[in-house]
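Numbering (this note's numbering), first residue to last: 1126 to 1377.
Ideal Cβ placement from N, Cα and C applies to all residues, glycine included.
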């Protein structure tokens, strides 16, 4: 257990929905932290597209790359330094996997170089969580467009995790508008017998209140972006990641 006060510095992209949904988003992240670990947070800018338009190349991968490269991530981390965080976590799965493992490592290094503190990302935390649970074959559910879904599959393959089935819901952006029941059903439909676990990818998904029930229903672990990120951040802080009702990951 940690011997001193620990604080999580959370960085996440503001994709406009936060203007009216920020409390639920931050509450979801906090559900994976024990009461004694406070969280401070900062947003990064996200460009918005008109409802009838798409990114320049018709690809939602382009937006993920923009977030990773131009999202003012270091500035957000630096703003939080006066609040004395212990570690940083970047809460955007797409931006951290869309350029592969090298891109994910580069993103973490930028925060670490700017602050002198350790950093995890949602994507690297997912990999660590799946490896910790002994998962090598996974089924995925997400709000992603197909190009982003394929980038996720490629990223996991780099990390020796095979995606045996996937169920992307094809939302270009505003991923958090997906109702919890919808992403839960997407995860249920994605599951296949060959999968060791089910991954729900995207930090915009509100999954904390049903993870344990879904695991019981499917008979296997369910790992989600916010769950894995909170778990990894706690481990980095030296805090034992044990919370009731947050899935097998928080019980082992």
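Let me make sure I understand the geometry here. Which of the options has the alpha-carbon closest to that of residue i?
{"i": "residue 1308", "options": "1286, 1334, 1318 and 1287", "result": "1334"}
{"i": "residue 1325", "options": "1303, 1318 and 1283", "result": "1303"}
{"i": "residue 1223", "options": "1212, 1260 and 1273", "result": "1273"}
{"i": "residue 1133", "options": "1276, 1370, 1265 and 1357", "result": "1357"}
{"i": "residue 1163", "options": "1169, 1275 and 1152", "result": "1152"}
{"i": "residue 1207", "options": "1192, 1341, 1167 and 1220", "result": "1167"}
{"i": "residue 1353", "options": "1240, 1251 and 1323", "result": "1251"}
{"i": "residue 1288", "options": "1300, 1313, 1260 and 1268", "result": "1260"}
{"i": "residue 1203", "options": "1213, 1359, 1240 and 1192", "result": "1240"}
For residue i, is the classification buried or exposed, using 16 other Cβ atoms within 10 angstroms of its Cβ as the cut-off for buried?
{"i": "residue 1210", "result": "buried"}
{"i": "residue 1234", "result": "exposed"}
{"i": "residue 1336", "result": "buried"}
{"i": "residue 1369", "result": "exposed"}
{"i": "residue 1127", "result": "Residue confidence is low: residue 1127 scores 43 on pLDDT, short of 50, so the model does not pin down where it sits. Its coordinate-derived value is still stated next. With fewer than 16 Cβ atoms within 10 Å of its Cβ, residue 1127 is classed as exposed."}
{"i": "residue 1394", "result": "For the chain, the structure presents residues 1126 to 1377; residue 1394 sits outside this window and is missing."}
{"i": "residue 1238", "result": "exposed"}
{"i": "residue 1161", "result": "exposed"}
{"i": "residue 1340", "result": "buried"}
{"i": "residue 1295", "result": "exposed"}
Is the Cβ-Cβ distance between residue i and residue j less than 8 Å?
{"i": "residue 1263", "j": "residue 1321", "result": "yes"}
{"i": "residue 1074", "j": "residue 1199", "result": "With the chain covering only 1126 through 1377, there is no way to say anything about residue 1074."}
{"i": "residue 1291", "j": "residue 1328", "result": "no"}
{"i": "residue 1232", "j": "residue 1270", "result": "no"}
Tell me the residue span of the alpha helix (DSSP H) that contains residue i.
{"i": "residue 1240", "result": "1225-1240"}
{"i": "residue 1257", "result": "1247-1257"}
Looking at the secondary structure, which residues open and close the beta strand (DSSP E) in which residue i lies?
{"i": "residue 1324", "result": "1322-1325"}
{"i": "residue 1353", "result": "Not the beta strand (DSSP E): residue 1353 falls in the alpha helix (DSSP H), residues 1350-1362."}
{"i": "residue 1136", "result": "1133-1139"}
Quick one: is the Cβ of residue i within less than 7 Å of any heavy atom of the ligand SAM?
{"i": "residue 1194", "result": "What this structure holds is no ligand at all, so the ligand SAM is not there to describe."}
Problem set entry | the stretch 1255-1262 touching the stretch 1225-1245, judged by at least three CB pairs closer than 8 Å | no
Exercise. Is there contact here, the stretch 1146-1157 with the stretch 1187-1196, by at least three beta-carbon pairs under 8 Å?
Worked result: no
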